[in-house]
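Counting along the sequence shown from 1, when you hit position 3 you're at 2 in numbering that gives the first Met the number 0, and nothing is skipped either side. Data first, discussion second: the structure below is written as structure tokens.
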Amino acid sequence: MLGLLAHGLHLLLVVLGLAGVSALLAPQLRRPPFLRAGSGVPAYRPPASVAEHEERVAALRDAARDGRLTTAPQTAATR
């Protein structure tokens, strides 16, 4: 009888733990990870073609070479 009670308590703890983890992760799952409020970062959109992908990669490589990836984006007010 004591073993059944221990297993029931363990099952309750597991279920409560899963519910807690789900409650903590739910807000992150509702909002796309690439959409940050107020950061000026546009939502992610997959490239329409291979050429567009190559253009994006080239732009990222240029930005990394110039050091623009490590600086904050400039807004119109700070230029």
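Each residue gets a CB set at the ideal place from its N, CA and C atoms; glycine is no exception.
Please report how far the alpha carbon of LEU15 lies from the alpha carbon of GLN27, in whole angstroms. The count along the sequence shown starts at 1 and reaches residue 15 at position 16. The count along the sequence shown starts at 1 and reaches residue 27 at position 28. Using only the alpha carbons, I get a separation of about 20 Å.
Reducing DSSP to helix, strand and coil, say where ALA47 ends up. Residue mapping note: residue 47 aligns to position 48 of the sequence shown, counting from 1. Here ALA47 sits in coil by DSSP.
In angstroms, rounded to a whole number, what distance separates the CA positions of GLY7 and LEU1? Along the sequence shown, one-based indexing puts residue 7 at 8. Along the sequence shown, one-based indexing puts residue 1 at 2. Cα-Cα distance, rounded: 10 Å.
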